[in-house]
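Chains as they are written, first to last, in my numbering: chain A, 1 to 198; chain B, 199 to 453. First up is the structure itself, then whatever we jot down about it.
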Amino acid sequence: MIEALFESFQLFSGHALTWVFFSYECDQSSLAQILVLASKMQGTKVVDESHDQDTTDLRKCVAYVRDLAPNLDKSNLCILVAGALGGRFDHEAGNINVLYRFSTIRIILLSDDCLIYLLPRTHHHEIHIQSSVEGPHCGLIPIGMTSVSTTTTGLQWDLTNTEMRFGDLVSTSNLVQGEKITVQSSSDLLWTISIKKT
Amino acid sequence: MDVMIHSSTFLLPGNDHSSSVTYALVVLNQRLPRFTPILWNHAQVRVCADGGANRLFDEMPLLFPRDDAIDVRHRYKPDIIKGDMDSIRTEVLDFYTNLGTKVVDESHDQDTTDLRKCVAYVRDLAPNLDKSNLCILVAGALGGRFDHEAGNINVLYRFSTIRIILLSDDCLIYLLPRTHHHEIHIQSSVEGPHCGLIPIGMTSVSTTTTGLQWDLTNTEMRFGDLVSTSNLVQGEKITVQSSSDLLWTISIKKT
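Below, the structure written as structure tokens:
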């Protein structure tokens with residue numbers, strides 16, 4: 001699987017990428033395989049962080065991209081995370097927590113079915129819907145704390161100074177109407193939208 | 199404070215209805231976990247939430263590849279199919295209706311999720327069920343669309359006085375209400391060692407645990423800071439007490 005990923009990224013980008021591997025939960029035979037492949041790819045750098053057991057793999061990767069990745073214009077950085085959802089729920093929660101820990105960096109968690117990103121309370125948000133690839137199913141999720149007041153436009157079930165919290169109202173199975181959603185909330189929210197199958 | 203005891207005996211083969219726990223099974227519209235037949239055997243009532251009936255129809259025979267598909271579908275017939283009926287296929291609906299499955303069409307009610315409708319049904323209406331020690335098992339509750347998953351997790355918080363277990367092939371989740379000390383008895387043949395404690399709805403000012411690789415001692419947990427993930431169970435019993443409701447999650451073994 002790793003080999004196919006390597007090949008498809010090389011084809012797509014046309015130039016050597018920097019890959020960073022963290023062998024936190026990597027068994028030895030997989031690690032050996034990865035190292036052999038990495039050594040064949042021009043310009044690939046391997047960084048072994050297996051000594052650091054205190055932070056998750058995603059957190060290490062995000063910190064790397066933010067702090068160390070050379071030749072990267074970070075003034076408008078967006079980190080895409082593939083395979084971030086599904087599987088073990090504690091992993092998924094840990095990945096979501098990375099969004100909250102790095103709330104000033106755009107980080108998008110992606111799976112086959114949907115994407116998630118943080119809408120920080122510090123901003124009004126405009127979400128431009130790419131309707132050929134995403135929607136219509138969506139939601140606004142107040143993870144981590146009650147959201148005392150949220151106001152939206154462009155959803156089937158818009159919110160107007162509405163409180164949201166686990167145990168009561170959480171906006172799920174909502175639908176986008178049209179091309180632009182606006183959201184403003186008193187708390188950080190997770191935005192999620194389905195990704196189309198075709 | 200009372201102790202609440204948890205044990206994943208529903209993952210063990212065998213159908214001892216002599217157990218004091220009354221299990222109900224709700225099947226949602228995600229790929230059936232491979233251990234669904236084990237859950238089925240423990241349950242005294244089996245409910246499909248709308249498209250969950252498609253999953254049962256299509257995927258239960260795949261778990262018994264040497265058996266005739268129709269036989270399997272007859273053996274694993276739900277008691278009731280409930281929901282807004284926008285996902286269930288007509289052929290599936292007809293098949294189970296002809297076998298005597300009750301169908302409750304709730305398409306008029308767009309305000310509540312299918313899972314919420316099914317939990318309310320089990321709690322309020324399911325006949326002949328001893329509900330004094332009820333536990334609702336939900337298959338196919340995780341993965342897929344994240345808003346569905348969040349909605350399913352919200353059902354745990356809305357119905358915090360009912361034991362509800364969300365299950366997927368990879369893990370299970372349930373609520374540990376702040377009102378109780380919790381003892382979690384680990385069934386190590388089927389679950390673990392990976393686990394976590396997740397303060398989904400609000401900051402947890404203080405949590406104390408025993409039995410984990412990285413135990414907490416009056417530790418604060420919140421999104422944006424510490425959340426206990428990629429933890430490991432040590433031994434057979436975990437204890438948890440927290441100032442807030444927490445989600446407990448543990449991995450399910452593959453064999």
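Think of the CB as a built atom: it goes at the ideal place given N, C-alpha and C, for glycine as much as any other residue. Predicted model, so just to flag it, every value in this text is computed and none were measured.
Look up residue i in the DSSP assignment and say whether it is helix, strand or coil.
i              : result
F21 (chain A)  : Model confidence at F21 (chain A) stands at a pLDDT of 41, short of 50, so the residue's coordinates are unreliable and nothing is read from them.
K60 (chain A)  : helix
M338 (chain B) : One point to set straight first is that residue 338 (chain B) is Gly, not Met, in the sequence displayed. In this structure, G338 (chain B) counts as coil in the three-state DSSP scheme.
V219 (chain B) : coil
S449 (chain B) : strand
V320 (chain B) : helix
T295 (chain B) : helix
E163 (chain A) : strand
I398 (chain B) : coil
T415 (chain B) : coil
K74 (chain A)  : coil
V290 (chain B) : helix
Can you tell me whether residue i is buried or exposed? The criterion is at least 16 other CB atoms within 10 Å of its CB, across all chains shown.
i              : result
V133 (chain A) : exposed
V201 (chain B) : exposed
C78 (chain A)  : exposed
I221 (chain A) : Given that chain A is displayed from residue 1 to residue 198, the structure contains no residue 221 (chain A) and the question cannot be resolved.
P263 (chain B) : exposed
R88 (chain A)  : buried
M199 (chain B) : exposed
S75 (chain A)  : exposed
R101 (chain A) : buried
A241 (chain B) : buried
H123 (chain A) : exposed
K315 (chain B) : buried
S218 (chain B) : exposed
L260 (chain B) : exposed
Give the range of the alpha helix (DSSP H) segment to which residue i is assigned.
i              : result
D284 (chain B) : D284 (chain B) -> no alpha helix (DSSP H), and no H or E assigned at all.
E257 (chain B) : 250-261
L354 (chain B) : 344-356
I268 (chain B) : 267-273
E92 (chain A)  : 89-101
Quick check on the DSSP output: the beta strand (DSSP E) that includes residue i runs from which residue to which?
i              : result
D367 (chain B) : Unbroken run through D367 (chain B): none, as it is neither H nor E.
P235 (chain B) : Careful: P235 (chain B) lies outside any beta strand (DSSP E), inside the alpha helix (DSSP H) at 234-240.
V133 (chain A) : First-last for V133 (chain A): undefined, no H or E at that position.
R106 (chain A) : 106-110
T150 (chain A) : 147-153
D303 (chain B) : 300-303
W191 (chain A) : 189-195
S82 (chain A)  : Reading off the sequence shown, one finds Ala at residue 82 (chain A), where the question assumed Ser. Counting along the chain, the beta strand (DSSP E) containing A82 (chain A) begins and ends at 78-82.
E434 (chain B) : That residue, E434 (chain B), is in no beta strand (DSSP E); it is neither H nor E in DSSP.
N174 (chain A) : 171-175
Q184 (chain A) : 180-185
S205 (chain B) : 201-205
I360 (chain B) : Premise fails: I360 (chain B) is in no beta strand (DSSP E) and is neither H nor E.
List, in chain order, every chain A residue whose beta-carbon is nearer than 8 Å to that of residue i.
i              : result
H392 (chain B) : R88, D90
H346 (chain B) : T172, S173
I286 (chain B) : Result: empty, since nearest Cβ-Cβ is about 17 Å, beyond 8 Å.
L226 (chain B) : Simply none; closest approach about 13 Å.
M400 (chain B) : G144, M145, T146, R165, F166
N352 (chain B) : F166, G167, V170, T172
G409 (chain B) : The contacting residues do not exist; G409 (chain B) stays about 16 Å from chain A at best.
G281 (chain B) : Result: empty, since nearest Cβ-Cβ is about 12 Å, beyond 8 Å.
At 7 Å on the CB atoms, spell out the chain B contacts of residue i, in chain order.
i              : result
L189 (chain A) : Within chain B, no residue comes near L189 (chain A); the closest Cβ sits about 11 Å away, beyond 7 Å.
S194 (chain A) : R343
A93 (chain A)  : G394, I396, V425, T427
D113 (chain A) : G342, R343
Please compile the residues from chain B whose C-beta is within a distance smaller than 9 Å of the C-beta of residue i.
i              : result
V176 (chain A) : By Cβ distance, chain B contributes nothing, its closest Cβ being about 12 Å from V176 (chain A), past 9 Å.
Strictly below 8 Å CB to CB, what residues from chain B border residue i?
i              : result
I116 (chain A) : F344
L85 (chain A)  : G341, F344
By the criterion of Cβ-Cβ separation under 7 Å, what are the contact partners of residue i in chain A?
i              : result
C369 (chain B) : R88, F89
Y355 (chain B) : F166, G167
T359 (chain B) : Within 7 Å Cβ-Cβ: nothing; T359 (chain B) doesn't reach chain A, min ~12 Å.
How about residue i: is its Cβ closer than 8 Å to a heavy atom in the ligand ZN?
i              : result
S366 (chain B) : Of ligands this structure carries none, so the ligand ZN is not represented either.
**Request:** Taking a Cβ distance cut-off of 9 Å, strictly less, list which residues of the region 96-108 of chain A are near chain B, in chain order.
**Result:** I96, N97, L99, Y100, R101, S103
**Prompt:** Using a Cβ cut-off of 7 Å, which residues of the region 134-161 of chain A contact any Cβ in chain B, in chain order?
**Reply:** H137, C138, G139, I141, I143, G144, M145, T146
**Message:** Under 9 Å, CB to CB, which of the residues in the region 420-449 of chain B have a partner in chain A?
**Reply:** Going along the region 420-449 of chain B in chain order, one finds R420, F421, G422, D423, L424, V425, S426, T427, S428, N429, D443, L445, T447, I448, S449 with a Cβ nearer than 9 Å to chain A.
**Prompt:** the region 310-338 of chain B: which residues have C-beta closer than 7 Å to a C-beta of chain A, in chain order?
**Reply:** Answer in chain order: T311.
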